[in-house]
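Residue numbers (my numbering): 42 to 396.
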């Protein structure tokens with residue numbers, strides 16, 4: 042059976058989700074909602090770098106919501122609770138990277154609204170992605186089975202932002218290239234904090250560790266030289282790296298720590314953070330100690346410029362595919378809000394390279 046899927050928003054994740062929906066043997070693209078008038082009326086295949094596929098993007102949410110579909114990949118930059126509840130109440134399941142990874146400890150009225158929308162539409166909601174939604178929760182939970190006497194779990198993300206294809210996000214939200222004093226007021230600590238605290242809660246629930254408090258920290262690194270980026274040159278003395286840390290505590294001691302380090306290159310920074318390269322590192326202080334490194338980048342450069350640009354998006358592709366691969370499992374789940382703790386193991390699909 043092929044599940045009919047609507048793609049909601051076509052930013053970086055949304056464009057790669059369309060590619061994933063088209064290639065997955067159990068999904069077919071039913072429609073595409075766009076927030077930009079410039080994209081409305083365009084073929085969805087052209088929006089995501091493919092040829093024409095015969096699905097026209099629409100900027101009218103009511104028209105898109107009226108389409109016959111089983112699931113919506115909901116991927117705007119920021120979530121809208123009213124929008125998500127309307128989608129669920131219409132009878133469409135939702136997979137999203139924007140939140141609700143483990144909302145059990147969120148404001149009760151939010152969870153009540155989501156559960157009521159799921160009940161009305163007999164639909165399911167699942168928050169997933171790569172971080173949060175993967176490296177910070179699903180993967181450490183799996184690795185925890187190798188350990189006894191778990192004392193502390195730490196998850197680190199290391200990302201080179203120079204080639205991230207979202208200039209406004211890099212410059213105006215991440216504040217790269219801004220004066221150091223501007224970064225002190227970065228919204229990212231709070232913007233991302235809710236999602237990462239949900240990841241902390243999920244891991245803690247899985248390993249049965251009590252969390253009685255949280256803390257968080259924001260650090261910046263300054264460029265010690267000019268740094269070339271895809272948007273131009275980042276000036277010396279401006280922000281070239283940011284690090285955000287969230288910790289779940291028990292009796293004042295860290296139990297689960299998740300940390301994100303974003304840099305404009307691996308050198309030319311002060312302070313000189315110890316960075317093992319792009320990817321995620323999951324480490325257990327336990328018996329035995331376990332350390333796992335996860336990478337998504339291709340090991341070699343591509344000759345074709347279009348393929349080169351595609352490969353630069355490896356982390357975004359992984360995020361999109363975690364969404365797409367979850368669709369069959371979410372559509373088969375009973376109505377309600379679902380997390381990794383109650384869904385079956387989600388798997389990708391084999392592709393015959395000789396076909």
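Every residue gets a Cβ at the ideal spot worked out from N, C-alpha and C, and that includes glycine.
Being a predicted model, the structure only gives us computed values, none of them experimental.
Does the separation of the CB atoms of residue 276 and residue 226 fall below 8 Å?
-> In the chain shown, the residue the question calls residue 276 occupies position 235. In the chain shown, the residue the question calls residue 226 occupies position 185. Not a contact, by the Cβ cut-off of 8 Å.
Please classify residue 97: is it buried, with 16 or more other beta-carbons within 10 angstroms of its beta-carbon, or exposed?
-> Taking the chain shown and counting its residues from 1, one reaches residue 97 at position 56. When all chains shown are included, residue 97 counts as exposed.
Outcome for residue 297 when other beta-carbon atoms lying within 10 angstroms are tallied against a minimum of 16 | As a working note, residue 297 is residue 256 in the chain shown. Counting Cβ neighbours within 10 Å, residue 297 comes out buried, since at least 16 surround it.
Report the rounded CA-to-CA distance for residue 125 versus residue 329, giving the unit in angstroms.
-> Position 84 of the chain shown holds residue 125. Position 288 of the chain shown holds residue 329. Cα to Cα, the separation comes out at about 42 Å.
Using the beta-carbon count (16 or more within 10 Å), is residue 149 buried or exposed?
-> Walking along the chain shown from the start, residue 149 turns up at place 108. Residue 149 comes out exposed.
Would residue 380 pass as a contact of residue 143 if the rule is Cβ separation under 8 Å?
-> Within the chain shown, residue 380 is the residue found at index 339, counting from 1. Within the chain shown, residue 143 is the residue found at index 102, counting from 1. Yes; because the gap between Cβ atoms is below 8 Å, this pair is in contact.
Exposure of residue 198, with buried meaning 16 or more beta-carbon neighbours within 10 Å = One-based indexing of the chain shown puts residue 198 at position 157. Buried, since its Cβ has 16 or more Cβ neighbours within 10 Å.
Kindly identify the DSSP beta-bridge partner or partners of residue 255.
-> Locating residue 255 in the chain shown gives position 214, where the first residue counts as 1. Residue 255 is bridged to 289.
Is the Cβ-Cβ distance between residue 201 and residue 244 less than 8 Å?
-> Indexing the chain shown from 1 puts residue 201 at position 160. Indexing the chain shown from 1 puts residue 244 at position 203. Not in contact: residue 201 and residue 244 (Cβ atoms no closer than 8 Å).
Could you give the uninterrupted runs of the beta strand (DSSP E) lying entirely in the region 122-156, keeping only those of 3 residues or more?
-> 134-137
Take residue 51 as the anchor and find which of 279, 62, 160, 193 has the nearest alpha-carbon.
-> Taking the first residue of the chain shown as 1, we reach residue 51 at position 10. When only C-alpha atoms are compared, the closest one is 62.
Just the Cα atoms here: how many angstroms apart are residue 106 and residue 81?
-> Against the chain shown, residue 106 aligns to sequence position 65. Against the chain shown, residue 81 aligns to sequence position 40. Computed Cα separation, rounded: 15 Å.
With a 10 Å radius around its C-beta and 16 neighbouring C-beta atoms as the bar for buried, classify residue 56 as buried or exposed.
-> The residue labelled residue 56 in the question sits at position 15 within the chain shown. Residue 56 comes out buried.
Kindly indicate if chain E contains any beta-carbon less than 8 Å away from that of residue 304.
-> You won't find chain E in this structure, because it holds only one protein chain.
Helix, strand or coil at residue 230 [DSSP, three-state] | Within the chain shown, residue 230 is the residue found at index 189, counting from 1. It is helical.
Using the C-alpha atoms, what's the distance from residue 85 back to residue 95?
-> In the chain shown, residue 95 corresponds to position 54, counting from 1. In the chain shown, residue 85 corresponds to position 44, counting from 1. For residue 95 and residue 85, the distance between alpha carbons rounds to 8 Å.
So, residue 363 versus residue 47, is the Cβ gap smaller than 8 Å?
-> For the purposes of this step, residue 363 is identified with residue 322 of the chain shown, where counting begins at 1. For the purposes of this step, residue 47 is identified with residue 6 of the chain shown, where counting begins at 1. For residue 363 and residue 47, no; Cβs fall outside 8 Å.
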